[in-house]
Amino acid sequence: MDAFLLWFDEFWAVYSNLILTLGINALLALSIWLTLACGLLALANAAFMGIGAYAGALATMNYDSPFALSLVVAMAAPSLVALAIGVPVLRLGGVYLAMATLGFGEVVRVVILNTESITGGALGLNGIPQQTQWWHVALALAIVVFMLARLHRSKTGRAFEAIKVDETAAGLMGIDLRAHKLLAFVLGAAIAGLAGALNAHLTFFIGPQEYGFDRGVEILTMAILGGIGSLIGPVIGAFFLTLLPELLRGLADFRLIVNGLILVSVVLFLPNGLWDPARIRNWFGARR
Amino acid sequence: MQFMRSAIVALAIGASTVASQAAEVKLGVAAALSGLAAQYGAAIRNGFELAAEEINAAGGVNGNTIKLVVEDEQGKKEEAINVYKKLIFQDKVLLIFGPTLSNSASAANPIAQAAKAPVFGTSNTADGITAVGNYIFRNSVTEADVLPVTLKTVVEKEGVKKVAVLYGNDDVFTKSGYDNFAKALKDQNIPVTTTETFAKGDVDFKAQLTKIKASGPDAIVLSALLAEGAPILVQARQLGIDLPFVGGNGVNSVKIFELAKGASDNLWVGSPWSASNDTPENKKFIEAYTKKFGLAPDQFAAQTYDALHIVAEALKKVQLSGDIAKDRAALRDALPDVSWTGVTGPFKFRQAVDKSGKPAGYDADQQPIVSVTKDGAYQIVK
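Protein sequence lines correspond, in order, to chains A and B.
Our numbering applies: residue 1 is where the first sequence begins, and numbers increase by one.
Our numbering applies: residue 1001 is where the second sequence begins, and numbers increase by one.
Here it is in structure tokens:
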């Protein structure tokens, strides 16, 4: 037992940050899953993460707010922004929505760059106290998964599903399209903001370039790669994408090449994502 | 690269079998070997490998061989933290060199400070890096130290009375370069005719340059990276602006001669290292580096090369006990007193202070060399 504890102490010292990042990335993947589950390709989650990170970090640093309050601020700020831009932007569909939300992400980045007195501009915010503990992330992930699971099975969740499959038919059945889309968008923003604040209070530092296009694509990839058929998919996708580069560390210079090869094979052989129960059942069926 | 690394490992193994009692001193290197900062990371790794090879070939430090544990931190803050934790707690290195970017350093250095493991930055030039604590060292001379010297030299040599300023406002490096230039201009009472900005990825700077030309300065202060700095030079010369440009570290690279072919003259830069500096140490370094890697070294390689020698000097005074915590503390205590004349000239540490004015980590105390570009080469200004 003592040997195990000793081993665990060392393991935790080395990998605690990675494990917390797993949880935070899972939250991000879930945040975009919400809009994807509603058939919306909105790519503003990196920007919402940034708004949450800055709002939470500024609350902690400038107003000495307790961590819980900072997290609430970090969820409220992007939600309000999402509410404001969601009304006009969600009238768009398909690639037009993707373009508009990408544009919004750029706007957020430029605003952060130019409000130097508050956000530190290009230099970022330095010296954020490290307050995120493992159980904060675990609890946040558990609550979000639980609430999303409940939502998925509720009337609202069914409405999301209906909108995803056929928007016109859903509208004819009496589903309020605009209200449901807006709800998915705002909830997604709140989750992304929460993830942003947890990350900011873990890494001592945030800068505007962290919440740009690259991060947006990374979040989308995590959700799509995991599979958006259920809640488990995005979480698995986030774990997979975060762990893979670390597991391949031994390969040194070939690491990113192998990393890329694995991702391409996953997309080729598992087009519906890693978590695809029907396909997995099929594999075992064929073997029998 | 892979081949070279195995060659070094083989060399290290060979050396350790010769001296049977010799131990290995493990030093970590956290560098951006992939991602956007990979070009810097590659030079950084080369510099360390060359220095380690030389030190080990000469018998190591007190008979102990130096073993580098190189990890890729991709230029990302999360990766830098992961790498630091691996190096400190799993590989149990005595000291960590790195990370490549100042942003990563802001995120990862507090981890090392808390674990009482020394960190030695070779490329972090941002303000406040060493304010984290007394385990943080760097030999990269900050822009705050270099830019005033460069500016002063240009003013003296070219009789500059007033300047125009052009900088990138969406990049950490160019923005903090601008802040330091602005402070230096104010301290030296040089009036600014106009201040213009651009963003990363811009390709046309004619609007800003025309405005600058109209404001009638004697020189242009430029805080840019190579990607924007080179076209700015070209377009300025096209517009008939023959004024001297005063640049920061971002445009201090031999690549400028290629990227701004025919328009690269009259750019003034300052750095502790210059390829044209012909001290015996520097000549030997350039020759060995070119022979080993088949390309010319840059200042990143030069600074890492010196960094390992500085740490080796400190290690000579440390009696290694095998207890990693004790040895790290002993190395930390030995480092501040090291003085070393390497490829970047005479070097010693200067203690920095944190936000509340308390003594913290250690910055480089070094005199920069100012050079001006002429006919595709740097000429040292004496």
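Glycine included, C-beta positions come from ideal geometry on N, C-alpha and C.
Because the structure is a prediction, the values reported are computed rather than measured.
Residue-level contact by beta carbon holds for residue 1169(B) and chain A, with a gap shorter than 8 Å. For the 8 Å CB-CB criterion, residue 1245(B) and residue 1220(B) form a contact. Boundaries of the alpha helix (DSSP H) harbouring residue 1305(B): 1299-1316, taken from the DSSP string. In this structure residue 89(A) is buried. Its beta-carbon is surrounded by 16 or more other beta-carbon atoms within 10 angstroms.
The beta carbons of residue 1121(B) and residue 1101(B) sit no closer together than 8 Å. By the criterion of at least three beta-carbon pairs nearer than 8 Å, the region 1085-1095 of chain B is not in contact with the region 1046-1053 of chain B. Using beta-carbon distances, residue 1245(B) does not count as an interface residue toward chain A, since no partner is under 8 Å. When DSSP states are grouped into helix, strand and coil, residue 129(A) belongs to the coil group.
Under the Cβ criterion of 8 Å, residue 1086(B) is counted among the residues facing chain A. In the structure shown, the three-state DSSP call for residue 1268(B) is strand. If you check each beta-carbon in the region 1088-1106 of chain B against every beta-carbon of chain A, the ones closer than 7 Å belong to 1089, 1090, 1103 and 1106. For residue 1221(B), there is no enclosing alpha helix (DSSP H); the residue is found in the beta strand (DSSP E) stretching over 1219-1223.
Within chain B, the residues 1168, 1169, 1170, 1171, 1172, 1173, 1174, 1175 and 1176 have their CB atoms less than 9 Å from the CB of residue 122(A), given in chain order. For residue 1054(B), the closest of 1205(B), 1380(B) and 1288(B) by C-alpha to C-alpha distance is 1288(B). In chain order, 17 and 203 make up the part of chain A whose C-beta sits under 8 Å from the C-beta of residue 1081(B).
Proximity to residue 1371(B) across 1340(B), 1302(B) and 1265(B) peaks at 1265(B), based on C-alpha coordinates. A contact is defined here as three or more CB-CB pairs under 8 Å, and the region 233-243 of chain A fails this definition with respect to the region 1134-1154 of chain B.
Per DSSP, the beta bridge partners of residue 1071(B) are 1030(B). In the assembly as shown, residue 250(A) is an exposed residue. Its beta-carbon has fewer than 16 other beta-carbons within 10 Å. In chain B, no part has a C-beta under 8 Å from the C-beta of residue 62(A); the shortest such distance is about 15 Å. One alpha carbon belongs to residue 1252(B), the other to residue 1368(B), and they sit about 13 Å apart.
For residue 107(A), no Cβ of chain B is located within less than 8 Å of the residue's own Cβ. Listed in chain order, the positions of the region 1048-1077 of chain B with a beta carbon within less than 9 Å of a beta carbon of chain A are 1070, 1071, 1072, 1074, 1076 and 1077.
DSSP places residue 1370(B) within a strand segment (E or B) once states are collapsed to three.
For residue 1348(B), no alpha helix (DSSP H) run applies; the uninterrupted beta strand (DSSP E) run containing it begins and ends at 1345-1353, by DSSP.
Ranked by Cα distance from residue 1260(B), the first of 1374(B), 1364(B) and 1332(B) is 1374(B). Judged by DSSP secondary structure, residue 35(A) falls within the alpha helix (DSSP H) whose first and last residues are 2-36. One finds nothing in chain B with a Cβ atom closer than 8 Å to the Cβ of residue 81(A); even the nearest lies about 21 Å away.
Identification of chain B residues near residue 14(A) by a Cβ-Cβ cut-off of 7 Å yields 1085, 1086, 1089 and 1090, ordered along the chain. Counting along the chain, no beta strand (DSSP E) covers residue 1273(B), and no H or E run does either. In this structure residue 1350(B) is exposed. Its beta-carbon is surrounded by fewer than 16 other beta-carbon atoms within 10 angstroms. By the beta-carbon neighbour count (other beta carbons within 10 angstroms, threshold 16), residue 1345(B) is buried. Taking a cut-off of 8 Å on C-beta distances, the region 50-65 of chain A does not touch the region 222-232 of chain A, as fewer than three cross pairs fall below it. Our two residues, residue 132(A) and residue 1360(B), have alpha carbons roughly 25 Å apart in a direct line.
Taking 9 Å as the upper bound on Cβ-Cβ separation, chain B lies near residues 249, 252, 253, 254, 255 and 256 of the region 247-268 of chain A.
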